[in-house]
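Add 3 to a position in the sequence shown, counting from 1, and you land on the number used in my numbering. By construction, the Cβ of each residue, glycine as well, lies at the ideal position given by its N, Cα and C atoms. The structure presented is a predicted model; accordingly, all values stated were derived computationally and were not measured.
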Amino acid sequence: MLGILVGNMIFGHLSDRFGRRLPFLIAVFLQLVAGVTTAYSVNWYMFTALRFLLAVATGGTMVTSFVLTMELIGAKYRDTVGIVYQIPFNLGHLSLPLFGYFLRDWSSFQLAISLPSVLFLSYYFLLPESPRWLMTVGRSKDALKIMKAAAKRNGRPTDKIEVSMQKMVVDASSTQERASFLALFRTPRLRARTIAICFNWFVCGFCFFGVSQYIGHVSGNIFFNVAISAAILVPGTLISIYTNRVLGRKITLISSNCVTGLSCLLIIFVPQSLASHLTLGCFGLFGMSISFATVYLYAGELFPTVVRNSGVGLSSTVARIGSMVAPFVATLAHTSAILPPLLFGIVPLIGSCLCIILPDTRGKKLPDTLEEGEV
């Protein structure tokens with residue numbers, strides 16, 4: 004988690020400075036090399052160092068790929084694509100118990116989960132730069148070429164693209180001057196929104212990984228418990244497509260956080276049994292799967308283009324802090340059975356309260372400048 008945290012910060016900053024495409028490709032290549040090399044570690048120190056490097060690369064791919072996806076998709080399908088983006092993560096989580104069950108040797112397990120990254124190398128030929136980022140740094144001609152190529156590929160007319168893009172071009176000198184990490188905290192409204200969305204990312208990291216590990220500690224077969232907790236994420240993510248489209252980001256996030264919080268708090272009051280704790284824990288994960296999909300989408304729409312990668316990177320970094328704290332909270336069950344569900348219940352309810360200061364970004368134009376982000 005520390006490596007992912009570092010990767011979020013480094014690649015988030017690099018992507019706002021040098022574009023989305025190049026940092027993403029670097030992260031993908033590093034992820035492949037570090038993952039495969041880890042499988043051949045000869046001692047604990049080598050294994051730990053390579054796993055850290057792998058986590059840095061993974062953090063980089065997560066933040067850059069999501070922002071690039073959000074900036075390539077129009078407002079009409081942004082909510083759907085932004086949430087479907089989470090499905091491969093859920094399927095990967097679901098596949099881990101299978102890999103772990105059939106590949107009991109750690110080296111074979113590591114190699115098996117690393118080799119699929121080879122497919123990402125094809126993105127060098129397939130993936131364009133973000134036209135929106137190109138426009139914010141004054142490279143409107145390059146953005147125009149990409150937009151025209153996309154229009155031709157989709158059988159769309161190209162004659163009005165240049166006129167439409169001229170309305171979206173942002174003065175390069177002003178945006179570059181303000182495109183720094185500290186810009187997220189420069190203005191009062193953006194600062195408050197940054198704090199609120201970051202705390203909700205903390206909620207997701209803390210509760211998602213914490214409740215998952217708490218379920219893993221519940222008596223029973225660990226492979227079955229993890230598989231069940233992972234399987235519940237897919238329907239939750241799919242349902243979030245509908246709720247975000249109909250209810251909006253704000254109400255969806257408040258509601259899903261409340262589902263998680265109340266489910267975890269109920270664990271304290273029901274009789275201690277495998278069935279009841281596993282069921283309520285899965286309800287908590289179900290709510291958190293909706294929250295996680297929503298905060299990704301929310302952050303991508305909330306932050307202006309000039310600091311979007313930095314904003315999403317910061318948010319994801321805070322989530323990793325929550326993820327690092329979560330295992331320690333989950334293991335508190337050995338000391339007190341009440342503490343883990345109590346903390347996993349209270350924290351998301353606080354996140355719901357902070358959502359009050361966030362605007363609903365459903366169907367809104369993505370902000371490009373800091374001034375637009377302050378509206």
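Rounded straight-line distance, which links the Cα of residue j to that of residue i
i	j	result
Phe202	Leu122	34 Å
Asn157	Thr72	17 Å
Gly251	Met291	16 Å
Val173	Tyr127	Reliability of the predicted coordinates at Val173 is poor, the pLDDT of 48 falling under 50, and the value obtained from them is presented with this limitation in mind. Cα-Cα distance, rounded: 28 Å.
Ser215	Ile324	16 Å
Leu192	Glu377	The amino acid occupying residue 192 in the given sequence is Arg; Leu does not appear at that position. Their Cα atoms are separated by approximately 6 Å.
Pro344	Leu137	46 Å
Tyr48	Thr372	45 Å
His96	Gly213	14 Å
Thr308	Leu28	20 Å
Phe32	Leu268	43 Å
Leu369	Gly314	14 Å
Arg181	Lys367	For Arg181, the predicted structure reports a pLDDT of 48, less than 50, and the residue's modelled location is therefore unreliable. The matter cannot be settled from this model.
Arg189	Leu17	20 Å
Ser278	Tyr80	Looking at the sequence shown, residue 278 is not Ser but Ala. Computed Cα separation, rounded: 39 Å.
Val332	Phe14	29 Å
Ser258	Val36	41 Å
Gly62	Ile270	33 Å
Ser276	Phe226	18 Å
Thr334	Ser326	13 Å
Leu124	Val249	37 Å
Thr340	Leu129	Checking the sequence shown, residue 340 turns out to be Ala, not Thr. Between Ala340 and Leu129, the C-alpha separation is close to 51 Å.
Thr338	Leu288	23 Å
Val84	Asn11	21 Å
Phe21	Ala152	22 Å
Leu185	Lys148	32 Å
Ala78	Asp19	21 Å
Asn46	Ala115	20 Å
Spatially closest choice to residue i from the options, by CA coordinates
i	options	result
Pro134	Ser143, Phe55, Tyr126, Leu5	Ser143
Thr240	Ser120, Val229, Asp82	Asp82
Pro362	Ile254, Leu17, Val273	Ile254
Leu99	Ser117, Val84, Gly85	Ser117
Ile198	Phe306, Gly63, Asp19, Ile13	Phe306
Ala58	Tyr80, Ala30, Asn46	Ala30
Gln34	Leu288, Gly141, Phe55	Phe55
Ile76	Glu304, Leu288, Ser326	Glu304
Leu256	Leu283, Ile200, Phe102	Ile200
Met232	Asp19, Ala52, Asn93	In the sequence as presented, Met is not what sits at residue 232; that position holds Ser. The option with the nearest alpha carbon to Ser232 is Asn93.
Met65	Ile271, Pro26, Pro330, Ser276	Pro26
Thr420	Ala152, Pro119, Asp19, Met4	The structure shown has nothing for residue 420, since the chain only spans 4 to 378.
Pro119	Val84, Ala340, Ala146, Pro91	Pro91
Other residues of its chain near residue i: CB distance less than 6 Å, five sequence neighbours each side excluded
i	result
Leu8	Thr320, Arg323
Cys210	Thr263, Met291, Phe347, Pro351
Asn260	Ser294, Pro351, Gly354, Ser355
Gln89	Thr240, Ala296
Phe286	Ser266
Val298	Asn203, Trp204, Cys207
Gly6	Phe55, Ala58, Val59
Ala329	Phe209, Phe212, Gly213
Ala146	Pro134, Leu137, Met138
Ile349	none
Residues near residue i by beta carbon distance below 8 Å, same chain, minus five either side
i	result
Arg23	Thr67, Val70, Leu71, Glu74, Glu132, Ser133, Trp136, Asn312
Gln113	Gly38, Thr41, Ala42
Leu187	Leu193, Arg194, Thr197, Phe306, Val310, Ser313, Gly314, Leu317
Ala336	Tyr217, His220, Leu342, Pro343
Val273	Ser279, His280, Leu283
Arg360	Before going further, note that residue 360 is Ile rather than Arg in the sequence given. Answer for Ile360: Ala195, Arg196, Ala199, listed in chain order.
Neighbourhood of residue i by C-beta, 7 Å cutoff - its chain only, sequence neighbours within 5 removed
i	result
Ser176	For Ser176, the pLDDT reaches just 47, beneath the cut-off of 50, and the residue's location in the model is therefore unreliable, although a value from the coordinates is still provided. If we look at Ser176 and ignore the five residues flanking it on each side, it has no Cβ neighbours.
Ile86	Thr240, Ser243, Ile244, Asn247, Ala296, Leu300
Thr364	Arg252, Tyr301, Glu304, Leu305
Leu53	Ala37, Thr40, Thr41, Ser44
Tyr104	Phe226
Leu101	none
Glu375	Pro307
Any non-hydrogen atom of the ligand ATP within 8 Å of residue i CB
i	result
Ser243	Looking at this structure, you won't find the ligand ATP or any other ligand, since it has none at all.
Three or more C-beta pairs below 8 Å linking the region 35-52 and the region 101-119: yes
Segment contact, 8 Å Cβ cut-off, at least three pairs: the region 353-361 with the region 231-238: no
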